[in-house]
Amino acid sequence: MLVDSHCHLDRLDLAQHAGSLDAALEAARQRGVGHFLCIGVSAENATDVKALADRYADVDCSVGIHPLDLKPGEAPALEWLLAELNHPRVVAIGETGLDYHYEPEAAELQQASFRLHLQAARQTGKPVIVHTRGARADTLALLREAALPQGGVLHCFTEDWDMARAALDLGFYISLSGIVTFRNADALRDVARQVPADRLLVETDSPYLAPIPHRGKPNLPEYVRDVAEYLAMLRGEPYERFAEQTTENFKRLFPLAHVAG
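Residue numbers (this note's numbering): 61 to 321.
Structural data, given as structure tokens:
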């Protein structure tokens, strides 16, 4: 069994499945995907991701504010976040983090929001899902400052081995997406070969970043199988063992997830 550890089910392009999320999830299940973590990115979509987790037995969700979804000048309220995290299907916090690539001028606001999410993680014990782009030093500094015993995951990892190793030293997991299959991703493939087997997750980040051979099309949870098969080959591991290991890793990092088996 595989887990898609990071997908945006409320944002999927469902044209390939006649507009049916039921059909899209069933297509993933037919390819061996047994669980889905649907990710919160804003206050507005928190209701949607919780509803999807309530609707499907094999879906859990997270709640948080993506750094690029912050309202100008306004960090989310800790009270709001803690209340959202009380929902029984909310098993993680985020995605949160820093993205200076698109909004370097918002660094201070993003850091305040990230600290707030990390504070919620300390108070609840739930793991944190981290987005980082163009903000390596500040991301690591804030994670070191937080010193979360339960850790979390750097999702859709695109940095180099030095950052991966620093995150691993802090107790974090590394999640790889379809980007690892892209022709120009040699540095990321180097990371993928080196991450310890018990600290690796696999994801689609659908509807974004479809892996080869689907690149250029809307991404779907069923394509996590393509990412996993590629990574197993790259690491010289049997696919079945890779799927089993990454599922066990997911269950260890997200102990509140309702994963069958």
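A virtual CB, placed ideally from N, CA and C, is assigned to each residue, including glycine.
- A distance of 8 Å or more separates the beta carbons of L261 and F302.
- In the DSSP assignment, T156 falls within the unbroken beta strand (DSSP E) covering 150 to 159.
- Setting aside the 5 residues that flank it on each side, R204 is surrounded in the same chain by L230, each with a C-beta closer than 8 Å to its C-beta; the list follows chain order.
- Exclusion of the five residues before and after V93 leaves M61, L62, V63, D64, P281, E282, V284, R285 as the residues of its chain whose Cβ lies within less than 8 Å of its Cβ.
- The beta carbons of P136 and L169 sit no closer together than 8 Å.
- DSSP places S173 in no beta strand (DSSP E) but in the uninterrupted alpha helix (DSSP H) bounded by 167 to 184.
- The alpha-carbon of A78 is positioned some 45 Å away from that of A206.
- For L214, the enclosing beta strand (DSSP E) has its first and last residue at 212 to 214.
- Per DSSP, T192 is one residue of the beta strand (DSSP E) stretching across 188 to 193.
- Sequence-distant Cβ neighbours of G133 in its own chain, meaning closer than 7 Å and more than five residues away, are L169.
- In this structure, DSSP gives E304 a helical state, which the three-state scheme calls helix.
- The C-alpha of K110 lies about 18 Å from the C-alpha of E139.
- Here the C-alpha atom of D108 lies approximately 32 Å from the C-alpha atom of A201.
- When only Cα atoms are considered, Q179 and A172 end up about 11 Å apart.
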